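Take the sequence shown: its letter number 379 is residue 379 in the numbering used here, and every next letter is one higher.
Every residue gets a Cβ at the ideal spot worked out from N, C-alpha and C, and that includes glycine.
Please read all numbers here as calculations on a predicted model, not as lab measurements.
Heads up: the structure comes next, in structure tokens.
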Amino acid sequence: MKKLLISLFVLSAALLYVSCEDDSGPDTSLSTPSGLAVVSNTDSTVVLSWIDNSSAEAGFKIDRSLGETTGFANVGSVGPDITTYTDKDLKQQTTYYYRVYGYDGSDQSEYSATVTVKTGETYYGNFKIQTTMTLDAGADANAEIIRMIPGSETQAVFVSSAINRLTIIDYTESSFSFGATYDLDPGSATAEMTSIDVSPVIGGENYAAVCVAEADCGKGKILFVKLSDGTIVKEVEVGYNPDGAAFTKNGTHLIVACEDDREDRPCKPADRLGGSVSIIDLTGGIANATLAQDYLVNWDDESEPEHTETSADGTVIVSVQETSQIMIFNVADVPLDASEITVVDLPESSAGEKAEPDGLFISPDGKYALISSERNGTLQMMSLPDGTLLGDPYIVEADIPAPPYNIDARKSKKRTEPEECTLVVKSDKMYAVLALQESHGVIVYDVTDPANPVFDSIAPAGDLDAVDGDVGMEKSLIGSEGLGMHQTNGVAFSANERQGSITMFTSLWARDK
1 MKKLLISLFV LSAALLYVSC EDDSGPDTSL STPSGLAVVS NTDSTVVLSW IDNSSAEAGF
61 KIDRSLGETT GFANVGSVGP DITTYTDKDL KQQTTYYYRV YGYDGSDQSE YSATVTVKTG
121 ETYYGNFKIQ TTMTLDAGAD ANAEIIRMIP GSETQAVFVS SAINRLTIID YTESSFSFGA
181 TYDLDPGSAT AEMTSIDVSP VIGGENYAAV CVAEADCGKG KILFVKLSDG TIVKEVEVGY
241 NPDGAAFTKN GTHLIVACED DREDRPCKPA DRLGGSVSII DLTGGIANAT LAQDYLVNWD
301 DESEPEHTET SADGTVIVSV QETSQIMIFN VADVPLDASE ITVVDLPESS AGEKAEPDGL
361 FISPDGKYAL ISSERNGTLQ MMSLPDGTLL GDPYIVEADI PAPPYNIDAR KSKKRTEPEE
421 CTLVVKSDKM YAVLALQESH GVIVYDVTDP ANPVFDSIAP AGDLDAVDGD VGMEKSLIGS
481 EGLGMHQTNG VAFSANERQG SITMFTSLWA RDK
């Protein structure tokens with residue numbers, strides 16, 4: 001009897017062990033397929049592809065749903081090592097969601113990321129940037145910063161800092177020309193127009209906010225310029241050396257990054273640390289603009305704001321360059337105090353270089369920020385509004401063929417120098433687009449997975465024939481700093497400060513029109 005009881009106990013324990021094993025979930029030996037994408041689609045057919053990351057699967061199963069997160073049902077399967085599937089007999093003009101997973105008997109991998117497609121719409125799986133043309137904007141004019149004009153499909157504007165001029169660009173998908181020019185009076189012979197941003201349509205007009213820095217160590221100011229005729233509607237004094245500005249998406253405020261760089265301003269007093277962020281209230285209209293707050297960013301001698309961007313929910317991000325930080329707040333909290341500010345320290349690159357962020361952009365949905373860092377030549381994605389960094393800093397130099405692109409090989413830092421940047425969403429993919437000052441180019445990455453950028457394409461900026469290809473492997477003679485891109489039509493421009501030129505680029509979908 002004792003032997004029987006022991007045998008039954010052992011058998012029960014074994015059965016319990018097997019039962020626990022059966023409930024443990026997917027077999028982790030099956031790696032999750034990645035890179036699920038729509039290759040093509042028609043009114044009734046969708047073709048999918050993905051990457052096989054496992055050698056142990058019996059095949060792949062494809063799920064489809066009409067909802068983004070629920071209602072998935074299996075619609076087909078393929079054998080091992082097959083990474084495409086065609087889904088047929090679909091409804092026209094209908095949005096479908098797909099996911100894929102590997103299986104082997106009753107075991108399965110985790111689900112892939114979901115991809116979305118609307119039947120009957122052309123799907124673009126890549127950006128494929130190409131240079132369209134370049135125009136001379138004046139060799140000594142310093143064409144520096146360029147912006148698309150919100151609400152327009154055919155116009156942009158750039159500032160030439162050395163001659164205090166705004167120039168309107170008229171463009172199609174295949175060419176551009178220079179339109180109206182506005183020569184502005186910055187108020188003194190020692191003042192310089194350093195940057196611009198363009199408002200959404202306010203009362204039927206777009207306004208350029210022009211940053212004016214005083215070289216004689218006086219405070220800076222913003223000129224609000226009506227773009228339809230070049231009239232200066234209002235001037236507002238801000239902090240020292242304003243270097244970047246951004247309107248809120250609803251046009252109620254302008255955020256100004258005031259650098260107050262001691263290196264460029266030897267007359268700066270020793271006890272004036274860092275810079276500031278000036279916040280201008282526009283709720284009473286452009287003509288009644290007032291300074292709501294000049295928030296001091298003075299926690300370090302070199303905490304100097306460089307650029308700023310905003311999102312539709314009021315989130316504001318500011319690059320604090322020399323201390324390699326990003327500052328985050330919400331305009332609804334103005335006037336600000338320290339408790340309403342989040343400061344994120346950016347890590348060094350894998351090569352051990354500090355970041356020194358420059359360009360910023362916030363995704364259309366407000367969930368992500370793109371950071372381009374000039375010193376270590378990286379891009380970095382960040383979630384908003386919490387400021388969590390996603391993945392590691394991505395060094396772009398490995399994706400730049402040199403020649404024909406320039407890399408300043410004399411230095412360990414600022415070899416490619418990413419400057420202004422943008423994020424664009426097309427066909428369920430998000431792309432990061434960056435201007436490279438020392439590499440005379442604009443480079444594109446697929447950041448649909450924000451933690452894992454994937455190189456897409458690169459295209460040259462500037463008139464290369466005029467500078468013998470600009471491949472001296474030293475300081476670029478073209479100097480692509482400014483970048484502006486339309487959020488939907490696929491047209492982009494770079495402002496090439498050192499050469500004094502403007503270059504137009506197009507995406508695959510712009511050329512497909």
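Check                                                                                                                    : Outcome
Sequence-distant residues of the same chain with beta carbon closer than 7 Å to residue 479, five excluded per side      : 437, 496, 497, 498 and 499
Runs of beta strand (DSSP E) wholly within the stretch 45-104 (minimum 3 residues, chain order)                          : 46-51, 59-65, 73-78, 84-87 and 95-104
Nonlocal neighbours in the same chain, by C-beta distance under 8 Å from residue 467, ignoring five residues either side : 477, 478 and 499
Nearest residue (CA-CA) to residue 348, options 329, 366, 324 and 364                                                    : 324
Backbone secondary structure at residue 338 - three-state DSSP                                                           : helix
First through last residue of the beta strand (DSSP E) which encompasses residue 165                                     : 165-171
Contact belief for residue 421 with residue 346 at Cβ below 8 Å, rounded distance in angstroms                           : Going by Cβ atoms, the distance from residue 421 to residue 346 rounds to 15 Å, so no, they are not a contact pair.
Extent of the continuous alpha helix (DSSP H) run through residue 270                                                    : Counting along the chain, residue 270 falls outside any alpha helix (DSSP H), and DSSP gives it neither H nor E.
Contiguous beta strand (DSSP E) assignments of at least 3 residues, all confined to the stretch 220-260                  : 221-226, 232-237, 242-247 and 253-258
Sequence-distant residues of the same chain with beta carbon closer than 7 Å to residue 56, five excluded per side       : 29, 30 and 104
Residue from 127, 158 and 154 with nearest C-alpha to residue 481                                                        : 158
Cβ contact check for the stretch 267-277 and the stretch 221-231: 3 or more pairs under 8 Å                              : no
Per-residue DSSP class, three states only, for residue 155                                                               : strand
Cβ contact (3+ pairs, closer than 8 Å) linking the stretch 41-55 and the stretch 68-87                                   : yes
Residues near residue 253 in its chain [Cβ-Cβ closer than 7 Å; skip 5 each side]                                         : 279, 280, 281, 282 and 331
Residue-chain proximity (residue 222, chain D), Cβ-Cβ < 8 Å                                                              : Of the chains in the structure shown, none is chain D; there is only one protein chain.
Rounded C-alpha distance that separates residue 287 from residue 374                                                     : 36 Å
Cβ separation of residue 89 and residue 44, assumed to be a contact under 8 Å, to the nearest whole Å                    : 6 Å
Alpha helix (DSSP H) segment containing residue 511, residue limits                                                      : 508-511
Runs of beta strand (DSSP E) lying entirely within the stretch 447-502, each at least 3 residues, in chain order         : 454-460, 480-485 and 491-496
CA nearest to the CA of residue 140, picked from 132, 150 and 164                                                        : 164
Sequence-distant residues of its chain with Cβ nearer than 7 Å to residue 145 (five each side left out)                  : 158, 159, 195, 196, 482 and 495
Distance between beta carbons of residue 246 and residue 310, contact taken as under 8 Å                                 : 5 Å
Alpha-carbon spacing of residue 215 relative to residue 472, whole angstroms                                             : 32 Å
Beta-carbon gap between residue 504 and residue 171 smaller than 8 Å                                                     : yes
Close beta carbons around residue 60, own chain, < 6 Å, minus the five adjacent residues each side                       : 78, 100 and 102
Three-way DSSP call (helix, strand, coil) for residue 432 in this model                                                  : strand
Range of the contiguous beta strand (DSSP E) that encloses residue 380                                                   : 378-383
Between the CA atoms of residue 240 and residue 512 - distance to the nearest angstrom                                   : 46 Å
CB contact flag (residue 515, residue 507, <8 Å)                                                                         : Missing from the structure shown is residue 515; the chain here goes from 1 to 513 and no further.
Residues sharing a beta bridge with residue 423, DSSP                                                                    : 432
Residue 487, buried or exposed, once every other Cβ within 10 Å from all chains shown has been counted against 16        : exposed
For residue 334 and residue 389, believed in contact at Cβ under 8 Å, the rounded distance                               : About 26 Å; that fails the 8 Å criterion.
Under 8 Å between C-beta atoms of residue 409 and residue 376                                                            : no
Residue 510 versus residue 435: straight-line alpha-carbon distance, rounded                                             : 19 Å
Cβ-based burial, residue 156 [other Cβ within 10 Å; buried from 16]                                                      : buried
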